[in-house]
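What follows is a single structure, written as C-alpha cells, with notes after it.
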Amino acid sequence: MMRRLLFIFLFAATTLCSAQVSRLGEDITYAVEMHGETSNGDVAPFWFTSNKYGVSSTDPRSGYVRAIIKRGIEADSTRKWAIGYGLDIPVAHNHTSDFNIQQLYGEVRYQKLKLMVGAKELPMEFANPELSTGDMVMSNNSRPIPQIRLELPDYWDVPGTNGWLGVKGHIAYGWFTDNSWRRNFVKPKNPYTQNSHYHSKALYFKIGNEKKLPVTFTGGIRVDCEFGGDAWNLRQRKDDTMYIDLSYVNMNNGLKSYWNALAFGGSDPNDGDFKNVEGNHVGSWYGNLNYQGKGWSVRGYFQHFFEDHSQLFLQYGWKDMTWGIEAHLPKNPFVSTALAEFICTKDQTSAVYHDATDRLPIQISGKDNYYQHMIYGAWQHWGLNNGNPLLLSPTYNDSKQISTRHSRIRALHLAISGDPIPAIHYRILYTHVRSWGNYDYPLIDTKYNDFWLGELTFKPQRLKGWSVTGAFGINRGDLLQKSTGGSLTIRKEGILR
C-alpha cells in the first residue's frame, strides 16, 4: 500500500512540477552510520533506548548499520514548487526487527502548503529534540507512522494583522505497521490488534511580531487517534448486558470511521451498553512564552495532556502538566543550552469512573488511564510509546501485555548541551522519575529511577563529514533494573550529487 501511494505521489508531483524534474537528481545527501552499545544490566540504559525514533533497543547489547539517502525540500526554498524525498534503511542486531525501512517518503510544497506521503521522522513542534523528555502525544520515541499528511509547516501571517498573528497546522491519516511485533509480543489469550489506522490533526497560533517586540506566544492543540483494524481476545465489562463475541472483532474500517476519527464521533463495535467515541483519542494543549534577546533567548512552556474528553477543557481542572524552561545562552565554551522540565501525570481526573445507568443516572469522567485503551492497549508503535518515554513503554512489560503499567508518575528532568570547541559537542541528561503504577495496577510502594546520560560528539575538521559519538548511560533505582553501559556511533555524511 505504501509503495503504491508513494508511486502515485511521485508521479503527481513530477507532473505538477515539471519544471523541477531536472533538479530531482541534484542536492542529494547521504549518511552511513554504524552504532553499537553494551551494558551490564538486563536492559540498556534508559536514554540509550528512548527518543531515537525507534532505532534503538532495550537489549543490553545491540547495534545497527544504517544508510540514508535524501533530498531535502529546503533545496528548493526559493521556488514556488519544492520536492523532497528520502530512504532510510537500518540493519540491526537485537532490535524488535533485524531489517526494516525506517523512512521512505516523498513530499511536495507549493508556496506555504506541503503534502507528505510515507514514513518520515517528523520533528516535535514545541520540544527540544536533543534535551527534552519529549512530547506527550507524539514524541521522537517510536518509529515513524506511514501517513498522508497535509500541513502548513510554517506560521502563515493572517491578513490584516500586520504580522502579529500567525497560524499553522496539519491533518494526516496513516497506518500502524507493527502487526508482527504485536502478534509475537503478547502471550496467548492476551488482547491485541492488527491493521489499525492512524489520524492526527493540529492547529497552532503565534501571537507577536519578533521584528517589533521580543516577546511572542505560541501554542495550540493537537489530537491523535488510533482506530479501525482487527482485534482479538478483547474483554467485556462485567456490568454490560449485551452479549458480544470478543474472541475476534472486526473494527470499523470504512470511510465513516475516517470521519469519526476526525470529528470524535461513532462508537466501537464492542462498546455494548456503554457507547463511547470510536477509537483511541489522545491530545494536548500547548503554550510557549518566548523572549528573544541579543544573542540569547529563553522560553517557558507547558503541555497539558488529555485522553478522551474529560480533560479537554477545564471541567475537572488541569492538574496533570508538563512545565519547562529552556535557555539558549550567549556564545561561550561551556553551556550553550540549558533545560529543566517537571512532569506530573498522577491525577488523571481521579480514580473514579462511572457511566450513567438506570440505577445510578450519574456520569463521572475519571480514571483516564493515560496511554491505555480497552481495545488498542498502549499508545505505542513497535513496542515504544508514541509519546513521552517516561511513562514506560510496553516493551518493558514482563507480563507480555501491550499496556502502560506506569502512567502515574512525577519526574524532574535537567539537561545541558554545549560546544567547548568547534569540533566537539556534548550533552548531559539527568532524570528522576517516581511511579505510582496506574489505577488498575497500583503500586503498594512507589518505585523510582534515576537516569543519566553523558554524550560527546567529535567532528574532526580535517575529515569533512565524519563524526564519532561516544555515550555513557546509567540506570539506578527499582523501577527499571540497574544498568551501566556505553555506546559508540561512527557516521559519515555528505553530498552525493
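Residues in the sequence shown are numbered consecutively from 373, following our numbering.
Virtual Cβ for every residue (Gly too), placed ideally from N, Cα, C.
Exercise. Decide if R671 is buried, meaning its Cβ has at least 16 other Cβ atoms within 10 Å, or exposed.
Key: Buried, by the Cβ-count rule.
Quiz item: So does the segment 516-526 actually touch the segment 535-544, counting three or more Cβ pairs closer than 8 Å?
Solution: Verdict: yes, contact present.
Quiz item: Cα separation between D719 and W690?
Solution: For D719 and W690, the distance between alpha carbons rounds to 9 Å.
Exercise. State yes or no: is the C-beta of V654 within less than 8 Å of the C-beta of G638?
Key: No, these two residues do not count as a Cβ contact at 8 Å.
Exercise. May I have the straight-line CA-CA distance separating N458 from L786, to the nearest angstrom?
Key: Sequence check: residue 458 is Gly here, not Asn. Taken atom to atom, the span from the alpha-carbon of G458 to that of L786 is near 34 Å.
Self-check item: Pair within 8 Å by beta-carbon distance, N556 and N567
Solution: No; because the gap between Cβ atoms is not below 8 Å, this pair is not in contact.
Quiz prompt | Unbroken beta strand (DSSP E) run spanning T421, endpoints | solution = Careful: T421 lies outside any beta strand (DSSP E), inside the alpha helix (DSSP H) at F418 to T421.
Exercise. Pick helix, strand or coil for Y768, following the three-state DSSP scheme.
Key: Per DSSP, reduced to three states, the secondary structure at Y768 is helical.
Self-check item: Distance, N758 Cα to D448 Cα
Solution: Here the alpha carbons of N758 and D448 stand approximately 31 Å from one another.
Quiz item: Under 8 Å, do Y425 and N500 count as touching if we go by C-beta distance?
Solution: Contact: no.
Practice problem: Kindly list the residues whose CB is nearer than 8 Å to the CB of N466, restricted to its own chain and excluding five residues on each side of it in sequence; keep chain order. | Solution: Here the set comprises S429, D431, R433, S434 and G435.
Exercise. Please work out which residues of its chain come closer than 7 Å, Cβ to Cβ, to N622, disregarding the five sequence neighbours upstream and downstream, and give them in chain order.
Key: Excluding sequence neighbours, N622 sits near D602.
Quiz item: Who are the near neighbours of P792 in its chain, counting only those whose CB is closer than 6 Å to its CB and skipping five residues on each side?
Solution: These residues qualify, in order along the chain: P705.
Practice problem: Taking the CB atoms as reference points, tell me whether T401 and I867 lie closer together than 8 Å. | Solution: Yes.
Quiz prompt | Residues of its chain near N534, where Cβ-Cβ distance is below 8 Å and the 5 sequence neighbours each way are ignored | solution = Closer than 8 Å at Cβ, skipping near neighbours: N581.
Quiz item: Would a C-beta distance cut-off of 8 Å place A783 and L815 closer than the cut-off?
Solution: The criterion of a C-beta distance shorter than 8 Å is not satisfied by A783 and L815.
Exercise. Ignore the nearest five residues each way along the sequence and tell me which others in K452's own chain have a CB closer than 8 Å to its CB.
Key: Spatial neighbours of K452 in its own chain (CB-CB distance under 8 Å, excluding positions within 5 residues in sequence) are listed in chain order as Y482 and Q483.
Quiz item: For E598, does the count of other Cβ atoms within 10 angstroms reach 16, so buried, or fall short, so exposed?
Solution: That one is buried.
Quiz prompt | Reference T803, options G858, R848 and S682, closest by Cα | solution = The option with the nearest alpha carbon to T803 is R848.
Quiz item: Is the CB-CB distance between F823 and F418 below 8 Å?
Solution: In contact: F823 and F418 (Cβ atoms closer than 8 Å).
Exercise. Within its chain, find whatever has a CB closer than 6 Å to the CB of A843; leave out the 5 residues flanking it on each side and keep chain order.
Key: Shown here for A843: same chain residues with a beta carbon closer than 6 Å to its own, the five before and five after excluded, namely E827 and S859 in chain order.
Quiz item: Do you know whose CA, among R731, C716, T717 and I736, lies nearest Y725's CA?
Solution: Ranking the options by Cα distance to Y725, first place goes to I736.
Self-check item: Cβ distance (whole Å) where R443 is taken to contact L396 below 8 Å
Solution: Sure, about 7 Å apart at Cβ, within 8 Å.
Quiz item: For M693, which residues does DSSP report across the bridge?
Solution: Answer is C716, bridged to M693.
Exercise. Give the DSSP-derived three-state secondary structure of R834 in the structure shown.
Key: The answer is coil: DSSP assigns R834 none of H, G, I, E or B.
Exercise. State yes or no: is the C-beta of Q664 within less than 8 Å of the C-beta of M693?
Key: Taking 8 Å as the Cβ cut-off, Q664 and M693 do not qualify as a contacting pair.
Quiz item: Since T468 sits in a beta bridge, which residues does DSSP pair it with?
Solution: None; T468 has no bridge partner.
Exercise. State the start and end residues of the unbroken alpha helix (DSSP H) segment that holds L524.
Key: If you look at L524, you'll find it isn't in any alpha helix (DSSP H); it sits in the beta strand (DSSP E) that goes Q519 to D529.
Quiz item: Hey, out of V840, A712, S771 and P702, whose CA is closest to G790's CA?
Solution: Checking every option, the nearest Cα to that of G790 belongs to P702.
Practice problem: Tell me whether the beta-carbon of Y673 lies closer than 8 Å to the beta-carbon of G696. | Solution: The beta carbons of Y673 and G696 sit closer together than 8 Å.
Self-check item: Limits of the unbroken alpha helix (DSSP H) element including S629
Solution: L627 to A635 is the span of the alpha helix (DSSP H), which, as asked, contains S629.
Quiz prompt | Closest by C-alpha distance to M614, when choosing among P641, K831 and T590 | solution = Of P641, K831 and T590, the smallest CA-CA separation from M614 is found for P641.
Exercise. Sort out for me which residues DSSP pairs V463 with in a bridge.
Key: According to the DSSP secondary-structure assignment, V463 is paired through a beta bridge with V437 and F471.
Exercise. Step through the CB atoms of chain B and report whether any lies within less than 8 Å of the CB of K836.
Key: No chain B is present in this structure, which holds just one protein chain.
Quiz item: What is the rounded straight-line gap between the Cα of V840 and the Cα of V530?
Solution: Near 45 Å, if we compare the C-alpha coordinates of V530 and V840.
Quiz item: How many angstroms separate the CA atom of Y742 from the CA atom of S572?
Solution: Going from the Cα of Y742 to the Cα of S572 covers about 18 Å.
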